Amino acid sequence: MIIDRIDNASLYYGLMTRIGAGLRWLQKTNLETIQPGKHNIDGANLYAVVAEYQTKPVAQGFWEAHRRYIDIQYVADGVERIGYANLDDLREVEPYDEEKDFLKLQGAGDLFVVRPRTFVIFGPQDAHMPGISVDEPQAVRKVVVKVLIDSAV
């Protein structure tokens, strides 16, 4: 897991070609006005999902992980807590859904606050619990860039 401000994104361009492209897209796109929904960047290799939602109490949250895609989660507006745990420290609740690239998990981890203009990169070993309230539920606008994992890029 990596957490940083978008102003420092260039430090991470070299991690993987598609991660660099996703971070550049976040930097150049007007994320305050882009419509919610899926946005193509490079087909199935790289795309973004813009969502607006209310944060929820931690008791209503759940752990998730992905095997085929790395998440770059960027908070454009609002503040939320996100949970982090290593995949090995959690247990599966449901079998992995290959079509949705989604694994639901249970267990304990750490919560941290994510403010506007901050991104978090979650790899396949990084379980996460997004959308958790800091104090009270509040509106959040988030962009999740999905980066296809491919050892060749």
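If you count by the numbering used here, then the sequence shown holds residues 1 to 153, one letter each, in order. Don't be surprised by glycine CBs; every beta carbon is placed ideally from N, CA and C. Computed from a predicted structure; not experimentally measured.
Inter-residue CB distance, residue i and residue j (contact presumed, cutoff 8 angstroms)
i: P116; j: A76; result: 6 angstroms
i: G61; j: I132; result: 5 angstroms
i: Y84; j: F112; result: 7 angstroms
i: V120; j: I19; result: Actually they do not touch by this definition, with Cβ atoms about 12 angstroms apart.
i: V145; j: L26; result: 7 angstroms
Where residue i falls, given that 16 or more other Cβ within 10 Å makes a residue buried
i: A152; result: Note on A152: pLDDT 46, under 50, position unreliable in the model; no value is reported.
i: Y74; result: buried
i: Y96; result: exposed
i: K100; result: exposed
i: R5; result: exposed
i: K28; result: exposed
i: L11; result: exposed
i: E98; result: exposed
Backbone CA spacing between residue i and residue j [nearest angstrom]
i: P130; j: N30; result: 22 angstroms
i: A59; j: D110; result: 14 angstroms
i: G123; j: H66; result: 8 angstroms
i: K38; j: A108; result: 31 angstroms
i: D135; j: T118; result: 19 angstroms
i: W63; j: Q125; result: 12 angstroms
i: F102; j: V93; result: 11 angstroms
i: M16; j: D42; result: 14 angstroms
i: Y47; j: Q35; result: 14 angstroms
i: A51; j: N40; result: 15 angstroms
i: G14; j: R24; result: 12 angstroms
i: A127; j: G78; result: 22 angstroms
i: Y1; j: L90; result: Per the sequence presented here, residue 1 reads as Met, with Tyr not at that position. Each residue's Cα considered, the two are about 16 angstroms apart.
The beta strand (DSSP E) enclosing residue i, as first and last residue numbers
i: L46; result: 46–54
i: D77; result: 69–77
i: Y84; result: 80–86
i: M129; result: 126–132
i: R141; result: 139–148
Limits of the unbroken alpha helix (DSSP H) element including residue i
i: K100; result: Per DSSP, K100 belongs to no alpha helix (DSSP H) and is neither H nor E.
i: G22; result: 17–28
CB contact below 7 angstroms: residue i versus chain B
i: M16; result: No chain B appears in this structure, which consists of one protein chain only.
Beta carbon of residue i nearer than 7 angstroms to that of residue j
i: V114; j: I82; result: yes
i: L148; j: N8; result: no
i: T33; j: V140; result: no
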